[in-house]
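Undergrad: Let me begin by handing over the structure; questions about it come next.
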Amino acid sequence: MALKNGRLTPMEREFAKQMARTGDKLYAATKAGYAQPAVRSSQTLQRPEVQEEIRRQAQHRLRTEGAQIGVDVLIELAQDKKQKGSTRGMAAKSLVQLSGIAGANALSEADLAEMPAEKIRGLLAEAERLLSERMAAARVIEHEPAAIEVEAGDVFD
Numbered sequence: 002m003a004l005k006n007g008r009l010t011p012m013e014r015e016f017a018k019q020m021a022r023t024g025d026k027l028y029a030a031t032k033a034g035y036a037q038p039a040v041r042s043s044q045t046l047q048r049p050e051v052q053e054e055i056r057r058q059a060q061h062r063l064r065t066e067g068a069q070i071g072v073d074v075l076i077e078l079a080q081d082k083k084q085k086g087s088t089r090g091m092a093a094k095s096l097v098q099l100s101g102i103a104g105a106n107a108l109s110e111a112d113l114a115e116m117p118a119e120k121i122r123g124l125l126a127e128a129e130r131l132l133s134e135r136m137a138a139a140r141v142i143e144h145e146p147a148a149i150e151v152e153a154g155d156v157f158d
């Protein structure tokens, strides 16, 4: 049953969390604790607030876990000497672009495919040097966690 103030119930929040994680509505409804998961999953998905929460959680997961996995894989490909040169070059190019150090003289795919391996290694070394400089100049910002307001009847009561 939805709350009258438009907020999600604890079960709806858990349902949205599991849907964003797995995409399986029956599993999500079961994990949320619904007595009739097959029926309740479809009903719960009809609520715009639940749909928005699923979308919000999925986007958050992509921006955090997904981004980290993507960068890790690109780094592995770029460093793996067993990979084809074109694969390593594309991974290196993507890393340079993602790091923001590519600047105005960004390379096209055709440039990399036609470039000798030594030139690509030189560009990669330059990109690593620039990245190291930027990382050294970056500040670590220490902070205290923000206080979280919990309403009566919330998940952790």
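The sequence shown begins at 2 in the working numbering and counts up one residue at a time.
Just so it is clear, CB atoms sit at the ideal spot from N, CA and C, and this is done for glycine as well.
None of the values given here were measured: they were computed from a predicted structure.
Would you mind stating whether Glu15 and Ala33 have Cβ atoms separated by less than 8 angstroms?
TA: yes
Undergrad: Quick check on the burial criterion: 16 or more other C-beta atoms within 10 angstroms. Buried or exposed for Ile55?
TA: buried
Undergrad: Assign Gln44 to one of three DSSP states: helix, strand, or coil.
TA: helix
Undergrad: Using CA coordinates, which residue listed in Gly90, Gly86, Arg57, Ser95 is at the minimum distance from Val72?
TA: Ser95
Undergrad: Given a cut-off of 8 angstroms on the beta-carbon distance, is the pair Ala79 and Arg89 in contact?
TA: yes
Undergrad: Could you tell me which of His144, Val51, Glu134, Ala92 sits nearest to Pro11, measuring between CA atoms?
TA: Val51
Undergrad: Determine the closest residue to Glu115 out of Gly86, Gln37, Ala17, with distance taken between C-alpha atoms.
TA: Gly86
Undergrad: Along the alpha helix (DSSP H) that carries Tyr28, what are the first and last residues, could you check?
TA: 26 to 33
Undergrad: Given a cut-off of 8 angstroms, decide if Ala21 and Ala59 are closer than it, judged by their beta-carbon atoms.
TA: yes
Undergrad: If you reduce the DSSP assignment to three classes, tell me which class His61 lands in.
TA: helix
Undergrad: Whole angstroms is fine: what's the gap from Tyr28's alpha carbon to Gln19's?
TA: 8 angstroms
Undergrad: Of the residues Ser100, Arg62, Thr45, which one's Cα is nearest the Cα of Ser133?
TA: Ser100
Undergrad: Could you pull out every residue in the same chain whose Cβ sits closer than 7 angstroms to the Cβ of Gly7, ignoring the five residues on either side in sequence?
TA: Glu50
Undergrad: When the Cα atoms are used, what is the spatial distance from Ala118 to Met136?
TA: Those two C-alpha atoms are separated by around 26 angstroms.
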